[in-house]
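One rule links them: number in the numbering used here = place in the sequence shown (from 1) + 331. Where is the CB? At the ideal position from N, CA and C, for every residue including glycine. Let me begin by presenting the structure, written as structure tokens, before commenting on it.
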Amino acid sequence: MDRKKKYRSYLLRLWLEDTNGKQVWRISLENPFSRERRGFATLKDLLMYLERQTDVKDES
332 MDRKKKYRSY LLRLWLEDTN GKQVWRISLE NPFSRERRGF ATLKDLLMYL
382 ERQTDVKDES
């Protein structure tokens with residue numbers, strides 16, 4: 332398995348947004364190598380994404 336498959340690095344950003352008078356946390360992850368950025372409305376969405384990115388499949 333090459334290093335690219337073994338290693339993940341992200342820049343995590345969190346900020347508060349006012350939505351209809353309610354403060355809501357917003358989240359983004361940026362890959363520092365590709366500059367690809369993904370946004371998430373909830374921590375649950377972020378965790379589901381990270382679980383998919385780190386899912387180890389048997390490659391034998």
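Extent of the continuous beta strand (DSSP E) to which residue i belongs
{"i": "K353", "result": "353-361"}
{"i": "D349", "result": "342-350"}
Cα-Cα separation, residue i to residue j
{"i": "L345", "j": "L377", "result": "11 Å"}
{"i": "V355", "j": "E382", "result": "23 Å"}
{"i": "K278", "j": "Y380", "result": "An answer regarding residue 278 cannot be provided, because it is not within the stretch 332 to 391 covered by the chain."}
{"i": "R366", "j": "Q384", "result": "16 Å"}
{"i": "T350", "j": "A372", "result": "12 Å"}
Sub-9 Å separation of residue i and residue j beta-carbons
{"i": "R368", "j": "L374", "result": "no"}
{"i": "L343", "j": "I358", "result": "yes"}
Opposing strand residues paired with residue i [DSSP bridges]
{"i": "R369", "result": "L360"}
{"i": "L377", "result": "Note: L377 sits in no beta bridge, so no partner."}
CB-CB length for residue i against residue j, believed under 8 Å
{"i": "Y338", "j": "N362", "result": "Contact doesn't hold; Cβ gap of about 12 Å is too wide."}
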